[in-house]
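**Student:**
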């Protein structure tokens, strides 16, 4: 018989502000959520992630280690944040020294099914649904496509 290890979905060691709503099932651990945040079901937020106040994280999103999200942000359904760029041709396999950080400014909206690589995004940006953000965004505006460009 083969053996396996079962890890249950959990909310573990979360730091929350006031009036935070989390809809289970979710897997949130060792992260920080500011005041008035909402987290939809089937979402994973990993350790060290900091989410500012008045943010809405829709269902099926994945926010990996190394991500910081500002205030008044919207993360659409199924948004994926990436911290491993496969810099050596394959996955880092837990080697955190190869993981990179992502910083999202204030008043940023990210459309459903967007993919956000390790980048910096300034304040007042809209990322279109399905966009793939591969480079820093330093100017407010709307961005869409793969790779994401200002529209």
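Residue numbers (our numbering): 22 to 172. Every residue gets a Cβ at the ideal spot worked out from N, C-alpha and C, and that includes glycine. Since the model is a prediction, treat every value here as computed from it, not as a measurement.
What residues match up with residue 53 in a beta bridge as DSSP calls it?
**Tutor:** 36, 71
**Student:** What do you get for residue 30, buried or exposed, if any count of 16 or more other CB atoms within 10 angstroms of its CB means buried?
**Tutor:** exposed
**Student:** Could you check how far apart the C-beta atoms of residue 153 and residue 169 are, in whole angstroms? I think they sit under 8 Å.
**Tutor:** 6 Å
**Student:** Compute the distance between the beta-carbons of residue 84 and residue 71, then report whether it is under 8 Å.
**Tutor:** no
**Student:** Less than 8 Å between the C-beta atoms of residue 135 and residue 151, yes or no?
**Tutor:** It is a contact, given that the beta carbons lie within the stated cut-off.
**Student:** Enumerate in chain order the residues of its own chain whose CB-to-CB distance from residue 128 is below 6 Å, with the five nearest sequence positions on each side excluded.
**Tutor:** So the list reads 93, 144, 145, once near-sequence residues are dropped.
**Student:** Along the beta strand (DSSP E) that carries residue 140, what are the first and last residues, could you check?
**Tutor:** Annotation: residue 140 is outside any beta strand (DSSP E) and is labelled neither H nor E by DSSP.
**Student:** In the DSSP assignment, the beta strand (DSSP E) including residue 163 goes from what residue to what residue?
**Tutor:** 162-165
**Student:** Using the rule of at least 16 other Cβ atoms within 10 Å of the residue's Cβ for burial, across every protein chain shown, is residue 105 buried or exposed?
**Tutor:** buried
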